[in-house]
Structures are given as structure tokens and as C-alpha cells.
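Residue numbers (the numbering used here): 19 to 503.
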């Protein structure tokens, strides 16, 4: 089908369409699709622009859940197919998942609307997009390298939809295992093991490309200049000792073409995807082992950020890179004790209270659940995302306090950063809050415990979810769609 007008003029016409209309136009025929894709017309319009909720993995629970804004009824949702840019976000996370992989699975990384998911503790990996309800199962690595992949210390997603619709998955090697003979040789062997250089240079990492549909072994070499060139050891890179409900891998950020991975200890590794070099960056604070202190590496409005709460003191650092120099800059510091007291000051009779965010979940027919009181019927404005303007006093609840009125048992943990506003998401006993870094106001968002749980779950990991309407998961591998369109 020949275009009746020159490409440049027709691209100008298409570029004036609203995003969903442009997505439908893209599906009309191959020349239109090629024009829209070649000029990046749809890509710019469908980039993540808002926060839809927070994804949770739970200890002892078979699947993750999304705590998110209340959605309009299905009758008012768009009739445009999800694969063409319409439809509702799959808040229940079932239509976006391969049918055979819904038994035990977890989200291990999130990047601009794409979720990297782990099935049966690493036996399979798939990538899905809840906004388009599409998924792609990754092939297994080559047999000769599969044992190393199975022992990966972390599985991470590299994806920037502003640059390309394609993504990469990295399997970061775990710390080397201690030799069996060393286990019986005593303190000297243990010291030798802990002083072993890690990561090595060169550093071999398994990388999957959605563009080629294949795994490859990519070799990263250590940056040879500056403080980041210093070698680290096994002891340096050891994961932090959590007493209870530890994250199963360090958090990560993909920023300006580089993947930043927190080892879970005192260091962050920066992998440059263009130069195949890596750098070791010391965290801004030496973290002591404490069951209640969980740092969070994430992407905020300012870029790569590191958050930390210790003894109710919240600190947030931003990573600054200039002229080859990398340093952490302390940008926010807040005492959360006042926020805990604010939470304490509200009493709803011990009930679990729903807020403006809810868990969208399918309840099995054979289960009965206790109805939870709803504090607000207010729906979220997905276009303006102005929920953070709500007065804090509307959404606060009570937690357990001692005889003197002080909360000795409540503590906050960081769930993630808002990527577009100066807000950090916090959790306290499965209650989710938005904390405004500029005003120190705290807003109650919702209760994150699945409705049909037998007891009170604890959170393993959390990810701030930003939906993106990149409609296709491209590649020469097993790709799927939840239902025919």
C-alpha cells in the first residue's frame, strides 16, 4: 500500500494524533507501522510518565501483588486492544503471565513498565508488561554455560524505552563458593577466601538481548582510572546479614546507559553497557548489620539515589558524576519520629483500612475474607497524577503504642522512590505511605496484605511501578499474549 502523501508530511499528520489513536493507526498496515516505528512517533508518546503503584513480593506467598490506584470499571475502559496501546493495566498480574508459570513466581526487577520475573526460584525467566498484557519467556542459556546462569547472584533488566524498544537481561555471577577443603582448614583458609579479589577483571556476565533473542557471554573489565579502579574482595561484596525477610538480591537502577547494582553490602557496581567496563562505587554510608535497617538503591527525580533509615532518621543521597568523578551528595535528611507519632495519633479500632490504593486480586471461590473498612472512595487521576496533593490528615491510621504513648515496635522501611516527584514510598507493618521530602508530610495510601492470606505476610522486595505502553516484546524467542486480540 503506497502512501498518498510524502513520508515527511504524513509523519507530521500522524504525530498530531493522540497516543491511543496513533497506536491504532500503527496497526492499520505495514507501511504505516514502519513509518511510526522508524520516526519514533509512538515511542515518545508512550513513555512512562506516572506512578501506578508499588509491586510487592511476600515471604511465604506464591506470587507478587500490585498495590495501586483504584481503576475505573471495566465498562468504562478503552476498547482499543492493549497491544495497540489501549486497555487497562493488568493490576491482578494474571493476564500478563504465561499460563504455566502462575504457581510460584516473583518480580525480580522492574524497568519503565517491563517486569523481569522469576519462576520456581530461577528455573525460568520471563519478561512481561502489565500495561499491554504481553509477555515473553526467555530461552535457557547455552548448556555449557547454564550451570553458571543457575547460580546467578542477581537477575537484572537493562531497558530505556526512550532509546530503544529492546531490552537486555543480565545474570550477575554470585560470589564464588568456598572450596570444600577450605571448610575444614580453619581460620586461615576462611581469611584467604574472604580476601579473594571479587569481582575479577575480566568479569564474565551472561546477557540476553531481546533484539537477537539469544544469550551471549559478555566480558566487562574494571575501570582503570580513579577510586573506582581499586579492586574489592569477597568480604567487601558480601551481602548484608539480614535477620528476617531479607531481599533476595540487591536493588538496581538503569540510568544513562549504565546498570547500577547494589551488592547488598557496602558497594554498588556500575556496568556500562556501551563500553563493557565496570566500576565499584562505595555506598555513601557504612551499613551496620541490623534487622530493621534496609537500604534502597533506586531511581528518583534526581537520578541514581540511595536511601537509608536508621533509628527513624531518613537520609537520601544522589549520585553525581562529572568529569570522570563519582560522588554521593546528601540531598535529604529527615527525622521520621514525628511521622510515626502522626500515625500513632489516629485510631480506627484496630481494623485494617483501605486507602486510595488497593490490591487488585482475584479471590478464589472457596475462600471467604473479612471486609476491610475503606477510608476513601477517591479514584486516582491517572492523567494528572495529582494524588500527592491530598491533605495528609485524610489518610492516617493507628499502630501499636506502649503505655506512655510511644511506638516502640513500629518502624519504616523504604519501598522505593517516586521517579518524577520528590516523594519516597515507605512501609510500616504492610501499610504503605507516601512521604513528601520537601514538606515532611506523610500520606496513607493503602494496605498491602493480600486479602486471602492465612496470617500476616512480610515483604521480601518492592518496586515502584511506572506503566509504559511499549506494546511489543520483540525477539526471536517464545513470545506470547494473554489472549487473542
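Heads up, the beta-carbon is just placed ideally off N, CA and C, and yes, glycines get one too. Just so it is clear, the structure is predicted and the values come from calculations on it, not from any experiment.
Exposed unless 16 or more other CB atoms sit within 10 angstroms - verdict on residue i
i, result
"residue 483", "buried"
"residue 126", "buried"
"residue 487", "buried"
"residue 342", "exposed"
"residue 213", "exposed"
"residue 205", "exposed"
"residue 94", "Residue placement at residue 94 is poorly supported in this model, since its pLDDT is 44, which falls under 50; the coordinates are not used for a value here."
"residue 304", "exposed"
"residue 195", "exposed"
"residue 445", "buried"
"residue 152", "buried"
Under 8 Å between C-beta atoms of residue i and residue j
i, j, result
"residue 455", "residue 441", "yes"
"residue 148", "residue 374", "no"
"residue 354", "residue 430", "yes"
"residue 142", "residue 155", "yes"
"residue 189", "residue 223", "yes"
"residue 137", "residue 123", "yes"
"residue 84", "residue 378", "yes"
"residue 315", "residue 376", "no"
"residue 193", "residue 171", "yes"
"residue 186", "residue 219", "no"
"residue 72", "residue 443", "yes"
"residue 351", "residue 333", "yes"
"residue 59", "residue 27", "no"
"residue 80", "residue 481", "no"
"residue 65", "residue 180", "yes"
"residue 43", "residue 50", "yes"
"residue 327", "residue 460", "no"
"residue 476", "residue 76", "yes"
The alpha helix (DSSP H) enclosing residue i, as first and last residue numbers
i, result
"residue 32", "25-32"
"residue 253", "252-255"
"residue 222", "Element bounds for residue 222: not the alpha helix (DSSP H) but the beta strand (DSSP E), 221-227."
"residue 51", "48-56"
"residue 180", "Segment: none, residue 180 is in no alpha helix (DSSP H) and carries neither H nor E."
"residue 479", "Here residue 479 belongs to no alpha helix (DSSP H); instead the beta strand (DSSP E) covers 477-483."
"residue 154", "It is not in any alpha helix (DSSP H) - residue 154 instead sits in the beta strand (DSSP E) that spans 152-155."
"residue 205", "205-212"
Nearest candidate by alpha-carbon position, reference residue i, set the options
i, options, result
"residue 191", "146, 213, 184, 225", "225"
"residue 78", "478, 278, 375, 373", "478"
"residue 74", "29, 132, 82", "82"
"residue 258", "268, 249, 251", "268"
"residue 135", "253, 149, 115, 217", "115"
"residue 300", "346, 314, 340, 42", "346"
"residue 68", "131, 458, 430", "131"
"residue 448", "433, 460, 467", "467"
"residue 56", "25, 279, 65", "25"
"residue 372", "469, 29, 230, 327", "469"
"residue 329", "312, 59, 335", "312"
"residue 452", "47, 87, 230", "87"
"residue 331", "356, 70, 229", "356"
"residue 250", "211, 457, 445, 265", "211"
"residue 232", "196, 182, 160", "160"
"residue 229", "445, 184, 217", "184"
"residue 234", "266, 153, 158", "158"
"residue 324", "291, 348, 47", "348"
For residue i, the first and last residue of its enclosing beta strand (DSSP E)
i, result
"residue 429", "That residue, residue 429, is in no beta strand (DSSP E); it is neither H nor E in DSSP."
"residue 438", "First-last for residue 438: undefined, no H or E at that position."
"residue 7", "Within the shown structure, residues of the chain are numbered from 19 to 503, placing residue 7 beyond reach of any answer."
"residue 124", "123-129"
"residue 231", "It is not in any beta strand (DSSP E) - residue 231 carries neither H nor E in the DSSP assignment."
"residue 351", "343-353"
Residue-chain proximity (residue i, chain B), Cβ-Cβ < 8 Å
i, result
"residue 432", "In the displayed structure, chain B is absent; only one protein chain is listed."
beta-carbon residue i near the ligand ADP non-hydrogen atom, thresh 7 Å
i, result
"residue 332", "Within the structure as shown, the ligand ADP is missing, as the structure has no ligands at all."
* Evaluate contact between the region 429-448 and the region 319-328, counting only Cβ atoms and requiring at least three cross-stretch pairs below 8 Å. => Output reads yes: the region 319-328 touches the region 429-448.
* Asked: Would you call the region 292-301 and the region 227-246 in contact, with 3 or more CB pairs under 8 Å?
  -> They touch, by the three-pair rule.
* Taking one C-beta from the region 170-179 and one from the region 269-278 each time, how about it: are there three or more such pairs within less than 8 Å? -> Yes: at least three Cβ pairs fall under 8 Å.
* Asked: Should the region 249-257 be called in touch with the region 280-291, which here means at least 3 C-beta pairs below 8 Å?
  -> Contact between the region 249-257 and the region 280-291 is present, with at least three C-beta pairs closer than 8 Å.
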